[in-house]
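Every position in the sequence shown, counted from 1, becomes a number in the working numbering once 2 is added. Worksheet for the structure shown next.
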Amino acid sequence: MINNRRVADLNRAARAKCRDFLYICNEIGDFRVFLTSTLRDAEYQDKLYDEGKSPLRGGESWHQYGAAWDIAFRPKDDDKGATWAGPWDQVGQIADMLGIEWGGLWAKPDKCHFQYITSEARYKMNEFKESQEA
């Protein structure tokens, strides 16, 4: 099972957007943001689905195609702490400014989720779905 936290595992376009996003977020406020998930495989996504932690099965999440990442917050004076309490609206505005889709605006909000969908990612998702139908 794969569930990485590395920016390098995102596709080229998402990687650039994520780096800009992290840089800007970490320059403001009393918190820093850090990645909790970037690339996942279908098996790990199915595990999250089975545990009720995601409404999406393997193949349905942009994480699988290197186009999505999740974050959490860390106080600036704490290198190991992590919290889900933070300035979500502020980071959502930063994402919007950069053209990144924020899960906090969805009908069923997923505040920690950000994605940058490219035609390359859409192609990979379609390929995966076609391979499952064959």
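Idealized CB from N, CA, C, for every residue including glycine. Small disclaimer: the values here were computed from a predicted structure and weren't measured.
Where the beta strand (DSSP E) containing residue i begins and where it ends
{"i": "A44", "result": "Counting along the chain, A44 falls outside any beta strand (DSSP E), though it belongs to the alpha helix (DSSP H) covering A44 to D52."}
Integer Cβ distance of residue i from residue j, believed to fall under 8 Å
{"i": "T40", "j": "R14", "result": "Not really, about 13 Å apart at Cβ, beyond 8 Å."}
{"i": "R76", "j": "R34", "result": "5 Å"}
{"i": "L37", "j": "I73", "result": "6 Å"}
{"i": "G54", "j": "A44", "result": "That belief does not hold up - the Cβ atoms of G54 and A44 are roughly 18 Å apart, past 8 Å."}
{"i": "Y118", "j": "K19", "result": "4 Å"}
{"i": "G94", "j": "G106", "result": "5 Å"}
Through-space distance from residue j to residue i, alpha-carbon basis
{"i": "W104", "j": "E132", "result": "27 Å"}
{"i": "Y80", "j": "H115", "result": "In the sequence on display, residue 80 carries Asp and not Tyr. Whole-angstrom Cα-Cα distance: 23 Å."}
{"i": "S56", "j": "N5", "result": "14 Å"}
{"i": "I102", "j": "L12", "result": "14 Å"}
{"i": "Q66", "j": "D32", "result": "32 Å"}
{"i": "D52", "j": "S63", "result": "14 Å"}
{"i": "Q134", "j": "F23", "result": "34 Å"}
{"i": "D48", "j": "L58", "result": "8 Å"}
{"i": "D91", "j": "C27", "result": "12 Å"}
{"i": "A16", "j": "G83", "result": "26 Å"}
The alpha helix (DSSP H) enclosing residue i, as first and last residue numbers
{"i": "W90", "result": "W90 to M99"}
{"i": "A15", "result": "R14 to C27"}
{"i": "R124", "result": "S121 to E135"}
Outcome for residue i when other beta-carbon atoms lying within 10 angstroms are tallied against a minimum of 16
{"i": "R21", "result": "exposed"}
{"i": "Y46", "result": "buried"}
{"i": "G68", "result": "buried"}
{"i": "A123", "result": "buried"}
Bridge-paired residues (DSSP) for residue i
{"i": "F116", "result": "W71 and W104"}
{"i": "R76", "result": "R34"}
{"i": "S63", "result": "Looking at the DSSP assignment, S63 forms no beta bridge with any residue, so it has no partner."}
{"i": "N5", "result": "R42"}
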